[in-house]
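The sequence shown begins at 112 in our numbering and counts up one residue at a time. We put the CB at the ideal spot given by N, CA and C, even for glycine. What follows is a short report on a single structure.
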Amino acid sequence: MDMELKIESGAIETLAGVAEIINQNNREKMSVFCPMCDQNQRKSPDSHNAAVFIDNEKIPFLFCSSCKSRGKGEYKSGSFYLDHNEKYTIQSKILNRVVFRDIISDQYFLGDKSKISGEYNINKISKQNISNALKNRKMAIPDIIDEVEYFHDFSKDTVIDVENGFVNRYIPTNYMLINPKKGKKTKIPETIEKLMRHICGNSDEIFTSLVHNLAYCIQNRKKLIIAYLFQGTQGTGKGL
Ligand SMILES: [Zn+2]
C-alpha cells in the first residue's frame, strides 16, 4: 500500500518518509490528512483527521477516526498497515540493517550498523538463514532479497546504497572521516618509518616518493598508477 500523505507542514510524504521524520525528531506520532478520506466531503477539510503512529517494531501505521466510524481499514478499525515488503524497506532504513545478494560473488550478506560505534558490520549469511536472522531482529521478511554489486570503492564514504544497487566493501575508518587541518604537520611514527624505509631498501628517494604517493592516494581517493616492488622478511607488513 503506497500512500501519499499530506503532513502538518503541508508537504506530501510517503508513509516511510513520515516514519523517518517521526523517528528523527523522537516523536510518537504525526498528524496527517487521511488519504483514504475524501477531504472535500469533510466538515472541516483544513484540519487533520488522521495520524501516523510507530509501533514497537518501528513500523508506521495510519489511523483515521473518520475511517473508523465508516468501518474502513483493517478489521474495520480505521487502521491501515503496510505489507511485509514495505515493512522490511522501512525497518531496514530506520534500523540501518540490510540483507542483500551480491551479484558478483552470488553470496548473501547481512549488514548491521552498530548503535555504539556507528560502524557497519557486514557478514556472509546463507540463504536459508536469512528469514531466521530477520525474525530474530524483529524484522519483516521481504519476498525478494535486494541484489547489489558488492565491491571496493575507495572514492566513496557511502557503505550501503541498496537503492542504487551498491554496497561498498570499503568502509571508511574514523581516520578517513577526519577533516585535515591545513598546514598542520605531523611526524611518521618511528617504528612505521623504520619499516617503510626498510621495505624501500633504505633509499631516501624511494621512501620520500612512497610517502608522497600514499598522501596523494589518501587525499584524492584515487588509485596510484605507480607500482612499488617491496622486499623484506615475511611478516614485516609489506602488504599494508
Ligand atoms: Zn480516513
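Compare the Cα-Cα distances from residue i to each of the options and report the closest residue.
i      : options                           : result
Ser203 : Leu245, Cys175, Asp217 and Met307 : Leu245
Asp223 : Lys238, Ile215, Arg248 and Ile201 : Arg248
Ser180 : Pro171, Phe172 and Ser190         : Ser190
Lys238 : Lys187, Gln330 and Leu221         : Leu221
Asn256 : Lys333, Asn151, Leu193 and Gly276 : A small fix is needed here, since residue 256 is Ile in this sequence, not Asn. Selected option, being the one with the closest Cα: Gly276.
Tyr192 : Lys295, Asp254, Thr125 and Ile337 : Thr125
Ala130 : Asp149, Asp166, Ser155 and Glu274 : Asp166
Asn207 : Met250, Thr344, Ser176 and Glu115 : Met250
Ile353 : Asp254, Thr297, Asn137 and Leu340 : Because residue 353 is not part of the residues shown, which for the chain are 112 to 351, the question remains open.
Asn290 : Ala338, Ile236 and Asn331         : Asn331
Assuming contact is defined by CB atoms lying nearer than 8 Å, are residue i and residue j in contact in what I supplied?
i      : j      : result
Asp347 : His309 : What sits at residue 347 in the sequence shown is Thr, not Asp. A contact, by the Cβ cut-off of 8 Å.
Met141 : Ala162 : yes
Asn279 : Lys267 : yes
Tyr327 : Ile282 : no
Glu139 : Phe164 : yes
Ile352 : Ala127 : A question about residue 352 goes unanswered here, because the residues of the chain that appear run from 112 up to 351.
Tyr219 : Ile236 : yes
Quick one: measure Cβ to Cβ for residue i and residue j, integer angstroms, because I've assumed they're closer than 8 Å.
i      : j      : result
Val209 : Ile271 : 6 Å
His195 : Ile252 : 6 Å
Ile205 : Asn134 : 6 Å
Gln345 : Gly312 : Going by Cβ atoms, the distance from Gln345 to Gly312 rounds to 17 Å, so no, they are not a contact pair.
Can a CB atom of chain B be found closer than 8 Å to the CB of residue i?
i      : result
Gly350 : Structure shown: chain B not included; a single protein chain is present.
Quick check for students: name the residue ranges of the alpha helix (DSSP H) that lie wholly in the segment 278-350, counting only runs of 4 or more.
Whole alpha helix (DSSP H) segments, 4+ residues: 301-310 and 315-331.
Can you confirm whether the segment 253-265 touches the segment 202-216 when touching is taken to mean that 3 or more C-beta pairs between the two stretches lie within less than 8 Å?
Three or more Cβ pairs drawn from the segment 202-216 and the segment 253-265 lie within less than 8 Å of each other, which places the two stretches in contact.
Indicate whether the contact test is met: 3 or more Cβ pairs, each with one atom in the segment 159-174 and one in the segment 224-232, closer than 8 Å.
Pairwise C-beta distances place the segment 159-174 out of contact with the segment 224-232, as fewer than three of them are shorter than 8 Å.
Quick one: which unbroken beta strand (DSSP E) runs of 3-plus residues sit fully inside the segment 123-174? Chain order, please.
Fully enclosed beta strand (DSSP E) runs of 3 or longer: 123-125, 140-144 and 161-165.
Residue ranges of each alpha helix (DSSP H) run of no fewer than 4 residues wholly in the segment 174-260, ordered along the chain?
If we require 4 residues or more, the alpha helix (DSSP H) runs fully inside the segment 174-260 come out as 176-180, 195-206 and 241-247.
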